[in-house]
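So in the numbering used here, spot 11 of the sequence shown is number 287, and the numbers just go up one at a time.
Glycine is no exception: its CB is placed at the ideal position from the N, C-alpha and C atoms.
All figures in this text were calculated on a predicted structure; none of them were measured in a lab.
To start, the structure under review is shown below, and the notes come after it.
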Amino acid sequence: MNPIILFLACWIASVRWSIALETSDRAMERQKRTLVFTSDSATGILVALSVPLIIPGRNIFMAYNFEANYGMPIDASDFTQGVLKKVDNDQIHNEGESVAAESDRAVRDVTTTRAFTRKKLYRTIELNLQRYGYDGKRCILRMICDLGSYPVRDANGILGDIVQLVFTPSSSRYEKLPKEFYQAEELGTRHECGKYSKHCPKNPLDAISLMLDENKYF
């Protein structure tokens, strides 16, 4: 065989092999794909607790519905800053620290903090209370104080336990909440909730609970 033809054949084969390796490496180095959604996309979780009522001849159930709706990511910052960035910013912040400073700190610490905290829960409750015309933060303080004065009794079951747990800041490990939340709980144990009633005259707890005479019903 002509040496020139043999050389060309070997050279072409080596070039094709080099291109194949380069293509293979490029495929292995491609960036990970991230799924984003159209604007205003949302997903929801619905949990229903059904309790049968003992009524002869009737099949009647009382249901408690717990629903949570979450906006889906539509921007890259939703991944870099976390899905809870919108509820970890305003109002519920430490004294002496501006909202902007705390928000920046929260973004920096997003990789080291827990995804779900009492502070974020209170912020979510605050936003929903404001939606219904309440003074969000002050009404949270009143509920904490009132439940410190008159705790939910065991007869209210798991739902009562959840309400009591949510509005008792000391029931979970210390999260550096503003002092006023712990102060509201302490004042509640001394039945000194007058100042909270002044700033939140309409108690949100009245919509889901009723004060009963302990000597009459228990």
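By the neighbour-count criterion, in which 16 or more other beta carbons inside 10 Å mark a residue as buried, R414 falls on the buried side. E451 places its beta carbon less than 8 angstroms from that of T393.
Per DSSP, I350 has no beta-bridge partner at all. Judged by DSSP in its simplified three-state form, I331 adopts coil rather than helix or strand.
When the Cα atoms are used, D422 and T314 turn out to be separated by approximately 43 angstroms.
Comparing C-alpha distances from D316 to each of E343, L329, L435, G347 shows the shortest one belongs to G347. In the structure shown, the three-state DSSP call for M487 is coil.
N479 sits in coil when the DSSP states are folded into three classes, being neither helix nor strand.
Its Cα nearest to that of Y408, the residue N479 stands out among N479, R334, A324, S326. In the same chain as V323, and ignoring 5 residues on each side of it, the C-beta atoms closer than 6 angstroms to its own belong to F342, in chain order. DSSP places L405 inside the alpha helix (DSSP H), whose first and last residues are 394 to 407.
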